[in-house]
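Data block below; observations after.
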């Protein structure tokens, strides 16, 4: 189910679960951006807005666009820019880093929900209150989904688990 996992990561990149972070600096430090450095003294408040990192156009091509295969292959290196409340997706939670201890469970449950949605429904409508519009989503047949995945260069090995789910959901 690698592809479903990468789709969930892309959603978490676009809409991070925790957008604001703040803390008091425990020591003097320097925070670097692409073109500047900022000195922070011990005791000063630090405030972070996660979408500045997860939608950084210097890191992500088309950062506002959902690209389900963004983290496939070489794109996997971009996972270090997907953040949780106190750390990167590639980091494990520990007592010392206070990262979300349920982060792996959140990804797993999101994958299960995504698979269940496509197993149960061929099409569905999501109503979103104004100023947004109604979105209609049509599920692909398993064959078309696999063809599309191959067109965009997703390796057959990566598709293995996902294609079985798609075939179970939609038939060959």
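Residue numbers (the UniProt record's numbering): 1 to 172. We put the beta carbon where it would ideally sit given N, CA and C, even for glycine.
**Q.** Boundaries (first-last residue) of the alpha helix (DSSP H) holding residue 107
**A.** Along the chain shown, read from residue 1 onward, the residue named residue 107 stands at position 107. Per DSSP, the continuous alpha helix (DSSP H) segment holding residue 107 begins and ends at 103-120.
Would you mind giving the Cβ-Cβ distance between residue 78 and residue 106, rounded to the nearest angstrom? I have them listed as a contact below 8 Å. Taking the first residue of the chain shown as position 1, residue 78 is located at position 78. Taking the first residue of the chain shown as position 1, residue 106 is located at position 106. Rounded, the Cβ-Cβ distance is 19 Å, inconsistent with contact.
If you draw a straight line from the C-alpha of residue 56 to the C-alpha of residue 80, how long is it? The sequence position of residue 56 within the chain shown is 56, counting from 1. The sequence position of residue 80 within the chain shown is 80, counting from 1. Each residue's CA atom was taken as its position, placing residue 56 and residue 80 some 13 Å apart.
Residue 43 burial status per 10 Å Cβ neighbour count (16 or more: buried):
Your numbering for residue 43 matches position 43 in the chain shown. Residue 43 comes out exposed.
Q: Please list, in chain order, all residues of the same chain as residue 25 whose beta carbon is under 7 Å from its beta carbon, the five residues on each side excluded.
A: Sequence index remark: in the chain shown, residue 25 carries index 25 (1-based). Cβ neighbours of residue 25 beyond the five flanking positions: 40, 41, 42, 43, 44 and 46.
| request: Note the first and the last residue of the continuous beta strand (DSSP E) segment covering residue 24. | output: On the chain shown, position 24 is the one that residue 24 refers to. Counting along the chain, the beta strand (DSSP E) containing residue 24 begins and ends at 20-24.
*Use the C-beta contact count for residue 94: other C-beta atoms within 10 angstroms, 16 or more gives buried, fewer gives exposed.*
The count along the chain shown starts at 1 and reaches residue 94 at position 94. That one is exposed.
Identity of the residue in 73, 92, 6 and 84 nearest residue 48 by Cα | For this step, residue 48 is matched to residue 48 along the chain shown. Residue 84 is the option with its Cα nearest to residue 48.
Helix or strand or just coil, what does DSSP make of residue 135?
In the chain shown, the residue the question calls residue 135 occupies position 135. Residue placement at residue 135 cannot be trusted, given a pLDDT of 48 that sits under 50; what the coordinates show is reported in the next sentence. Strand.
In three-state terms, what does DSSP make of residue 47?
Taking the first residue of the chain shown as 1, we reach residue 47 at position 47. In the three-state reduction of the DSSP assignment, residue 47 falls in the strand class.
### Task
May I ask which residues mark the beginning and end of the beta strand (DSSP E) holding residue 40?
Position 40 of the chain shown holds residue 40. Residues 37-40.
* To do: Using three-state DSSP, classify residue 30 as helix, strand or coil.
  => By one-based count along the chain shown, residue 30 stands at place 30. For residue 30, the three-state secondary structure derived from DSSP is strand.
Which residues DSSP lists as bridging residue 83, in chain order: Here the question's residue 83 lines up with position 83 in the chain shown. Paired residues: 88.
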